[in-house]
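Step one of this worksheet: look at the structure below.
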Amino acid sequence: MNTAAASNGHPKISLKGVTKHFGPKQVLRGIDLEVQRGQSLVIIGGSGTGKSVMLKCILGLLQPDGGSIHIDGQDVTHLKGRDREEVMARMGMLFQGGALFDSLKVWENVAFGLIQGKGMPREKARDIAMAKLAQVGLSADVGELSPAELSGGMQKRVGLARAIATDPEIIFFDEPTTGLDPIMADVINDLIVKCVKELGATTMSITHDMASARKIADRVAMIYEGRIIWHGMAGDVDHSGNDHVDQFINGRAEGPIRMQVRKL
Amino acid sequence: MRWNFLALIGSVILQFFGAVGRLAMFTGKGLLHCVTPPFYPRILLRQMLQIGYYSLPVIGLTAFFTGAVLALQIYIGGARFNAESLVSSIVVLGITRELGPVIGGLMVAGRVSAAMAAEIGTMRVTEQIDALTTLSTNPVKYLVAPRLIAGATMLPLLVLVADVIGVFGGFVVGTEKLGFNVGIYLQNTIDFLHMDDVISGLVKASIFGFLISLMGCYHGFMSRGGAQGVGRATTNAVVSASIMILTANYIITELFFAQ
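Read top to bottom, the protein sequences are chains G and P.
Going by our numbering, the first sequence opens with residue 1, and the numbers climb by one from there.
Going by our numbering, the second sequence opens with residue 1, and the numbers climb by one from there.
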């Protein structure tokens, strides 16, 4: 039924009026957003504006309080159990800190979704994992190491290999370049662009690194105080006509966005 | 001022019932995933090794000295008459019925539930648990169910070992230090060794093992807020597992084995 819906020209991902609060703190105040098939959307915004929460709502790691989330036209807002796993199998995610399983070897990390999620035999999954590692520029002997033995940049690459291992239709990137030096950040950006192109996947990334955003985005959306305040083509971000966007992409302390510097 | 006081009572009660509810839901989910496929035999095996095999030195040492000191105390306290049969019978009864399961449980609680809470808590704060979900793997099934099964099956085996070593500890002190006759001591031990006592100890041990794993996993899963949160989860896991073992021990004895 999912594939039938997929061919009907629905947007790949669509959010309508998604809200979420934690205790008294309203984090998402009605997010409306659409991502078309094969597009790369980058969501920019300062810390604590709700970027990660929105991503986790789409992934089903958090339940939104209101609104709806559709993937390929299918309402996934309140999916549970098997149905949720089915949708999840079509998605991949690169976590900010890599989130590699430190009890497993590098190749077992990459092959995890294949072995546990899809029930593939270990030998076959291992071959695929090694191929995916090669795709992100890591040699086969890295596969035998444990994640703790890797540098930050290598961990990110392994995380990327894991995210693309099951050939997902949608890939999410949570601050893919945070904590890396500028050169390694660019390497990761290149890898993301290359891998996504090879897979033909739809991607949604959140970042506050404008260099990264310019490199990987087809479209850019800016989130501020739990709402999407601007949405447009990546090339238009420099003349958006929106003061908030201007302030953010130029990194100015003065402007309509006031950072909360006093203690909460 | 008075309203604040009432509000305080209210919020404490709400928090308490919230915690009880969360724990009950977590236990239910954990049990459900123990009996529904897919199963993870590799992880189950690793946990059994972790809980069972690697706890053997700790269990052996504590059981030996517990048996030894029990023999010594009984001799000092009740040596007026018939010391030989008294010491050996109390050692075998005390170890198999109470001290084996309880001391074994407490030692494993300190070792295992802390390790579980720290491992799972770290996985929580580094988003590894979220990563499991995104890789189409249910974290409760993958992390909690194998640990619950391993806890409930391994602790009885450990307690069986503790029973043997504990009785041996008493035997060593009885025959070497207190000068009892080896043959008579052994005969008395065998006379007072009842299958029911051993089994009641093992049933308790299985429940304690389950509680140890449950507390380790629960506090690990619920941990929030970086290194400090993981530290708190570890402490809470050990403390709550220990309290639960002692409480459950009384309840089980009262309900099933007090006749």
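Glycine included, every Cβ here is placed at the ideal spot set by N, Cα and C.
Bounds of any alpha helix (DSSP H) do not take in M233/G; it lies within the beta strand (DSSP E) bounded by 227–233.
Within chain G, the C-beta atoms nearer than 7 angstroms to that of L135/P come from F112, G113, Q116, G117, in chain order. Identification of chain G residues near E127/P by a Cβ-Cβ cut-off of 8 angstroms yields F95, Q96, G97, A99, ordered along the chain. Taking 8 angstroms as the cut-off, the Cβ atoms of V42/G and T202/G do not count as close. In the three-state scheme derived from DSSP, where H, G and I count as helix and E and B as strand, Q39/G is classed as coil. Residue state for L94/G is assigned as strand, using DSSP reduced to three classes. Rounded to the nearest whole angstrom, the CA to CA distance from A140/G to G159/G is 16 angstroms. Judged by beta-carbon spacing, G67/G lies beyond the 8 angstroms limit of H10/G, meaning their Cβ atoms are not closer than that value. Residue state for Q63/G is assigned as coil, using DSSP reduced to three classes. If only uninterrupted beta strand (DSSP E) runs of at least 3 residues are considered, those enclosed by the region 119–197 of chain G are 170–174. At a cut-off of 8 angstroms between beta carbons, M91/G contacts chain P.
Under DSSP, the beta-bridge partners assigned to D75/G are H70/G.
Counting only residues of its own chain and dropping the five nearest sequence neighbours on each side, D209/G has a CB closer than 6 angstroms to the CB of T177. Within chain P, the residues placing a beta-carbon under 8 angstroms from that of E85/G are S136, N138, ordered along the chain. At a cut-off of 8 angstroms between C-beta atoms, D196/P does not count as an interface residue with respect to chain G. Across the set S88/P, Y54/P, A205/P, M123/P, the C-alpha of Y54/P shows the shortest separation from the C-alpha of V112/P. Counting along the chain, V18/G sits inside the beta strand (DSSP E) bounded by residues 13–22. Restricting attention to E254/G, I206/G, R252/G, the CA atom closest to the CA of S52/G is found in I206/G. Listed in chain order, the non-local C-beta contacts of V167/P below 7 angstroms within the same chain comprise G67, V91, V92, I95, T189, local neighbours out to five positions each way being set aside. A residue is called buried when at least 16 other Cβ atoms come within 10 angstroms of its Cβ; P38/P does not meet this threshold and is exposed. A131/P has a beta carbon lying within less than 8 angstroms of a beta carbon in chain G. A direct Cα-to-Cα measurement between T175/P and N181/P gives close to 6 angstroms.
I170/G and V136/G have their C-alpha atoms spaced approximately 18 angstroms apart.
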